[in-house]
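Residue numbers (this note's numbering): 281 to 536.
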Amino acid sequence: MHDFSGKVAVVTGGASGIGLAIVERLLKAGAKVAVADLNEAKLRELEEKSNGQVIGVVTNVTKQADVAALVQQTVDRFGGLDVAFNVAGASRAGAIIDQSEDDWDFTVDLCLKGVFLSVKHEARYMKDHGGGAIVNVASLNAHVPMHYGSAYSSAKAGVEMLTKNAALELAKYKIRVNAILPGLVSTPLTAGLTSVDAIYDAYMERIPMGRPADPDEMAGPALFLISEDASYVNGASLLVDGAWAVSGYPDLSKFM
């Protein structure tokens, strides 16, 4: 367990899944955390349980004013911003020839534009206050396409390249930017797929470790990337996929 006592973190998409697991790890390690999400009820619950270590900020990461306000409220409440985790994401699936423009825009705006705006405003503060570390959550699908996932896969590939570009531009300000690329993780967003036995079995055929990850198994690598143990890791993409990338991707088209 790393010690992040005295550190201030922002976590977008922090009310559930991977984001929540990161929040819980940060709190155990002594950090103060600004949790950004659209789930206001969950944010208030996290605040109530945190003994003053959490501020919940209702945030739409696709809106620049919301993201700027998130950073400002974090600084106002906790006195600074040292590290950030940009996790917020979701997908509206569809075949390329059928997908609506609205569904494409929803997915790409949330998964890619939301990360861009978050990095932009987090780094603006860090640049003038001694640096920091940022971790973006991309996906195995940044490398591996999937049926009905062109918007999501394209956005996550963009997150990986945005991460590399941010590392290139921000290193001179002592800001490190890295990405984790999760494989299949048991979260509310994947439950609609993994709850179907045939689809679950198709996934398991492709994952050498034979199971989905727990969200906490993403939080550990994410926190490593902001730690001093990763002080020379910058612009990296860390696959956390149970060896999935070396095996292939299931053909989900037969289930659609």
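We treat Cβ as the ideally placed atom computed from N, Cα and C, and that holds for glycine.
| query | result |
| --- | --- |
| Mapping DSSP to helix, strand and coil, what is Pro462? | strand |
| Taking the alpha helix (DSSP H) that Gly299 belongs to, which residues open and close that run? | 297 to 308 |
| Rounded to whole angstroms, what is the Cα-Cα separation between His427 and Lys444? | 26 Å |
| Give the straight-line distance between the Cα atoms of Ser430 and Gly374, rounded to the nearest whole angstrom. | 8 Å |
| What are the complete alpha helix (DSSP H) segments, minimum 4 residues, inside the stretch 374 to 420? | 381 to 388, 394 to 407 |
| Skipping 5 residues on each side, what residues in its chain have a beta carbon closer than 6 Å to that of Arg305? | Ala499, Leu503 |
| Could you spell out where the alpha helix (DSSP H) holding Val351 opens and where it closes? | 344 to 358 |
| For Tyr512, count the other beta carbons within 10 Å of its own beta carbon; 16 or more makes it buried, fewer makes it exposed. Which is it? | exposed |
| In the DSSP assignment, find the unbroken beta strand (DSSP E) run with Asp317 in it and report its ends. | 312 to 317 |
| Mind listing, in chain order, the continuous beta strand (DSSP E) runs of no fewer than 3 residues lying wholly within the stretch 430 to 492? | 455 to 462 |
| Report, in whole angstroms, the separation of the C-beta atoms of Val363 and Ile506, which I expect to be a contact under 8 Å. | 4 Å |
| For the alpha helix (DSSP H) that contains Ala502, what are its first and last residues? | 496 to 506 |
| Cβ of Pro462 within 8 Å of Cβ of Ile298? | yes |
| Whose C-alpha, out of Asp408, Phe284, Gly360, Thr339, is nearest the C-alpha of Gly369? | Thr339 |
| Measuring only the C-alpha atoms, how far is Ala418 from Leu469? | 15 Å |
| Short of 6 Å in beta carbon distance, which residues of its chain neighbour Lys454, apart from the five on each side in sequence? Order them along the chain. | Gly411 |
| Does DSSP classify Ser330 as helix, strand or coil? | coil |
| Any idea if Phe535 is buried or exposed, counting beta-carbon neighbours within 10 angstroms, 16 or more meaning buried? | exposed |
| Can you tell me which of Ile302, Asn319, Ser398, Glu320 puts its alpha carbon nearest to the alpha carbon of Val313? | Ile302 |
| What does a CB cutoff of less than 7 Å around Asp276 pick up in its chain, not counting 5 residues either side in sequence? | Residue 276 lies beyond the residue range present for the chain, which begins at 281 and ends at 536; the question has no answer from this structure. |
| Note down the Cα distance separating Leu392 from Lys436, rounded to an integer number of angstroms. | 7 Å |
| For the beta strand (DSSP E) that Ser517 lies in, which residues bound it at each end? | 517 to 520 |
| Using 8 Å as the threshold, is the C-beta distance between Ala459 and Val415 below it? | yes |
| Buried or exposed for Ser371, please, with buried defined as at least 16 other CB atoms from any protein chain shown within 10 angstroms of its CB. | buried |
| Can you tell me which of the three DSSP states Phe284 falls into? | coil |
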